[in-house]
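Below is one structure, written out as structure tokens; the observations come after it.
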Amino acid sequence: MEKLLIVDGNSLANRAFYALPPLSNKNGEFSNAIYGFVNLLVKFIIDHSPTRIAVAFDHSRETFRKQMYSEYKGTRKEMPAELRVQMPVIKDILKAMNIKTFEIDGIEADDIIGTIAKNSNMHNIILSGDKDVLQLIDKHTEVWLTKKGVTNVEKVDINTMQDIFGYSPKQVIDMKSLMGDNSDNIPGVAGVGEKTAKDLIQKYQTLDGVYENINNIKGKLKEKLEASQEMAYLSYKLATIKTDCNINLDINELNYDFPFSDKVRDIFEKYQFNTLLKRLDLFSINVSENKEIIENKIRIESLNQLKEILKNEKIDFFAFNFINKIEFCFNEKNLYYLENQSNLFDLETLSVTDLINELKDIFLDEKIDKITCDLKSHFYISEQFYNMKGNIFDISIAMYLIKAGEKIGLNAKTTQFNQLKHSLQKEIGEYNLDFVYNNIEMPLTYLLYEMEQNGFFIDGKEVNYISEKYTEELKQLSNDIYESVGMEFNINSPKQLSDVLFDFLKLNDKGNKKHSTSIDVLNSLVLEHPVIPLIIRYRKIQKLNSTYVEVFKRLIEQKGECIHTVFNQTLTATGRLSSSEPNLQNIPVRDDEGRNLRKLFISRFKDGQIISADYNQIELRLLASFSNDENLIEAYKNGNDIHLSTASQIFEKSMQDITPVERRMAKAVNFGIIYGISAFGLSNQINTTVKEAKIFMDKYLSKYPKVINYMNDNIKFAKQNGYAKTLYGRIRRINELYSPNKNLEAFGERVAMNMPLQGSASDIIKLAMIKVARE
């Protein structure tokens, strides 16, 4: 569903101003309100991805409510001068973001917000620190209230309003009419506070209900209500947000720019918002906004026309995009395109193949730079793209390297590809990504295409055998589960399974209030009931069958025994490859089921073999090398089993005396340290208490002291630079390190610890793939 973010501008600016210490730039210009405002707005754009945004501001204190009650907001202090000078800057930033603002004489921001919300056909998210707007909540509108600090917010919607406040959105006005509002100087009923007002509204529902039942109310409270009846109804009018203001509103004009433009970056630089400037997910790649100077958009209709163009056109470069549309250019002035033809019987129609063949000399000219986005996909269109000569630049790979770990936004037109190329090349140089781009990712593009084309051969008979075996086992497991429980239900439904385990069987939920049926929960219940191991086994076989076996069966039926996956080169933040359509990477390897599935893959040659090549414990070896820890290095130099060696250190026993259980625990610690695991996480893996897991981790770090120093140095580097870096220079942005949310910050620190290891391993393996292919 499309989402509209409606922001209470004055409320957010005030909250930021008073929540943050005084800030100023090198010119002495105040910036704490600006910084806090922008931070919260950015958080909402990232977290909620609104389709459109509107920001409402108060214009002045002279409003229609002031005319109704001269003391309205009479107790409010004037806006501090330090805040007043920041308000125009906030509005300038919103303008640079192409976010529409509303500010109307005689109308308050709340009324603008109410009018926009009630006239929206989208899901509304109202961001404010003013509880008055809670009255606007309905099934299409939720409110996020700012709380302590700047980015601490609380969501209130139609389902949670009653639980949080004890009254409904409509009753907000009734509450204000009784208890008043000191911040707006709404009088209410003298002597009636929030608790009394809530009791009255819960009992009589509305202000009218209170006065209709006034004779049922006794004592001093009745006297107070009677004495202030006129003021209560005036307060009701003052507290009611207007939703029919005469404002120039077109919901379709509330689009905004994201990622942000250079204008926004310039303002951030002026006010030295360095943390925001490090977050390149917030900004468009630097294509100057005034450089789209295309003079002609020319449709190619015949080969003769194309030949004339090639004879006369000034060729500065060849930029092209043949994915979903056919367009190309030789300079930044003329864009050529081939329209999809619907008349298949028109012999005069120019085909894509004819067009590409006519461009052959361009493809093979080493002096002409080629620029595109998603080069590998173009290889599937024609081998001419695969055989291109000269300098070839792939925008998607360059952006992936520069912005790994962030959302990537590309809004450039084909005629801007050359500008974009130069801008990206500059950033690649600034971040020392040249080796990764030129020696790893670009050669890998060609290799991955070859791998996709070659495909993987699958033994069809073995697939059918395993399919029948799994189908039979699932049928038997289902019957065993029903018999164990004493009833039939949908085992694949988490809701039904939860009801059976926790409501019907009354198993101990162990603090699992939401009654999750995740694998961690099931593992913790293994000794509780004999059905649990059956369910775990059923889940495993069902997943393997649906994810791999049935997918392979369908593909073999459609295309034969050679299966072609897609290798995604620009997806993961660490530089690792991923595989899809189908996914061939996550097949288990360490158990019998995984080994059986891997037997499905066979050589394409008769009586041939498959070579399996891998690095042994590559990330642990890198950890030894990068941390320069003598104990780790010595263990590897001596050819020791690293997990036995670690167990020997932790348990202070000789390697010969280490038990299999102790080795397994040491292995969990070894890999857990790499991934920044917590004592709680480790305790779950090795089935110990958190206290015992903490002791194991502390012993590990005492035996390998340079490891923790190395990990801390990684975090320090990432916080200083905004990214982590691999051995070969690949970077990953880690914006979570700057999050006020401690859980997100902790996640960012774990990423900072691990990425240099995982990313370096990815780079080494990619280089090995390229070298093996060349051999």
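Read left to right, the sequence shown gives residues 805 to 1579 (the numbering used here). Every residue gets a Cβ at the ideal spot worked out from N, C-alpha and C, and that includes glycine. Nothing here was measured: the structure is a model prediction, and the numbers come from that model.
Straight-line Cα distance separating residue j from residue i
| i | j | result |
| --- | --- | --- |
| Asn-1435 | Asn-1400 | 38 Å |
| Arg-1425 | Asn-1349 | 35 Å |
| Leu-1561 | Val-1555 | 10 Å |
| Ser-1297 | Leu-1311 | 18 Å |
| Phe-1149 | Lys-1164 | Here Phe-1149 scores only 44 on pLDDT, less than 50, and its place in the model should not be relied on; the value that follows carries that caveat. The alpha-carbon atoms of Phe-1149 and Lys-1164 are separated by roughly 26 Å. |
| Tyr-1504 | Leu-1486 | 13 Å |
| Ile-1339 | Leu-1309 | 14 Å |
| Ala-1043 | Ser-815 | 17 Å |
| Leu-1038 | Asn-925 | 32 Å |
| Ile-1422 | Ala-1565 | 6 Å |
| Lys-847 | Leu-1359 | 43 Å |
| Thr-945 | Ile-929 | 6 Å |
| Lys-1129 | Cys-1177 | 12 Å |
| Asn-836 | Tyr-822 | 9 Å |
| Asp-1169 | Ala-1123 | 14 Å |
| Leu-1179 | Asn-1236 | 22 Å |
| Gly-1480 | Ile-1323 | 22 Å |
| Tyr-1440 | Phe-1430 | 14 Å |
| Leu-1375 | Arg-1537 | 14 Å |
Assigned secondary structure, residue i (DSSP; H/G/I helix, E/B strand, else coil)
| i | result |
| --- | --- |
| Arg-819 | helix |
| Glu-1365 | coil |
| Ile-849 | helix |
| Ile-1021 | coil |
| His-927 | strand |
| Arg-1467 | helix |
| Tyr-1527 | strand |
| Ser-1487 | helix |
| Arg-1537 | strand |
| Ile-1406 | strand |
| Phe-1475 | helix |
| Ile-1512 | helix |
| Leu-809 | strand |
| Ile-1414 | coil |
| Val-1335 | helix |
| Ser-981 | helix |
| Ser-972 | coil |
| Asp-1445 | coil |
| Val-1370 | strand |
Neighbourhood of residue i by C-beta distance below 8 Å, restricted to the same chain and skipping five residues each side
| i | result |
| --- | --- |
| Glu-1030 | Ile-1018 |
| Asn-1094 | For Asn-1094, the predicted structure reports a pLDDT of 42, less than 50, and the residue's modelled location is therefore unreliable. The matter cannot be settled from this model. |
| Ile-1499 | none |
| Glu-1162 | Leu-1107, Leu-1110, Lys-1111 and Leu-1114 |
| Phe-1064 | Ala-900, Met-901, Leu-1086, Phe-1087 and Ser-1088 |
| Asn-1372 | Leu-1381, Ser-1382, Ser-1383 and Ser-1384 |
| Glu-1277 | Ile-1345 |
| Asp-1567 | Val-1240, Ile-1244, Gly-1379, Thr-1530, Leu-1531, Tyr-1532 and Arg-1534 |
| Gly-1443 | none |
| Tyr-1040 | Ile-977, Asp-978, Lys-980, Ser-981 and Leu-1011 |
Beta-carbon contacts of residue i that lie in its chain and below 6 Å, excluding the five residues immediately before and after
| i | result |
| --- | --- |
| Ala-1001 | Met-979, Leu-982 and Met-983 |
| Ser-1466 | It should be pointed out that residue 1466 corresponds to Glu in this sequence rather than to Ser. Ala-1451 and Phe-1455, listed in sequence order. |
| Glu-1266 | Leu-1404 |
| Ser-1543 | Glu-1549 |
| Arg-869 | Tyr-876 and Leu-1042 |
| Glu-1187 | none |
Residues of its chain near residue i, where Cβ-Cβ distance is below 7 Å and the 5 sequence neighbours each way are ignored
| i | result |
| --- | --- |
| Phe-1551 | Glu-1540 |
| Glu-1231 | Ile-1206 |
| Glu-1057 | Lys-904 |
| Ser-1142 | Here residue 1142 turns out to be Leu, not Ser, going by the sequence shown. If we look at Leu-1142 and ignore the five residues flanking it on each side, its Cβ neighbours are Ile-1104, Ile-1130, Leu-1154, Val-1156 and Leu-1159. |
| Tyr-1352 | Ile-1391 and Leu-1401 |
Any non-hydrogen atom of the ligand ATP closer than 7 Å to residue i Cβ
| i | result |
| --- | --- |
| Asn-1017 | What this structure holds is no ligand at all, so the ligand ATP is not there to describe. |
TODO: With a floor of 4 residues, list each alpha helix (DSSP H) that falls wholly inside the stretch 1043-1094, ordered by position along the chain.
DONE: 1066-1074 and 1078-1082
TODO: May I ask you to verify whether the stretch 1000-1007 touches the stretch 897-906, counting CB pairs closer than 8 Å and requiring at least 3?
DONE: no
Task: the stretch 973-988 in contact with the stretch 876-893 per 3-pair CB rule at 8 Å - done: yes
TODO: State whether the stretch 1431-1445 contacts the stretch 1504-1522, with contact taken as three or more CB pairs (one from each stretch) at a distance under 8 Å.
DONE: yes
- [ ] Can you check the stretch 1124-1202 for any beta strand (DSSP E) of at least 3 residues that lies completely inside it and give the ranges in chain order?
- [x] 1130-1133, 1138-1142, 1174-1176 and 1196-1198
Task: Continuous beta strand (DSSP E) assignments of at least 3 residues falling wholly in the stretch 830-908 - done: 856-860 and 904-906
- [ ] Indicate whether the contact test is met: 3 or more Cβ pairs, each with one atom in the stretch 1354-1374 and one in the stretch 1277-1294, closer than 8 Å.
- [x] no
Open item on the list: Three or more C-beta pairs under 8 Å: does that hold for the stretch 841-858 against the stretch 967-976?
Closed with: no
Task: Touching by the beta-carbon criterion (3+ pairs, under 8 Å), the stretch 1068-1076 and the stretch 1050-1059 - done: no
- [ ] With a floor of 3 residues, list each beta strand (DSSP E) that falls wholly inside the stretch 1231-1267, ordered by position along the chain.
- [x] 1260-1262
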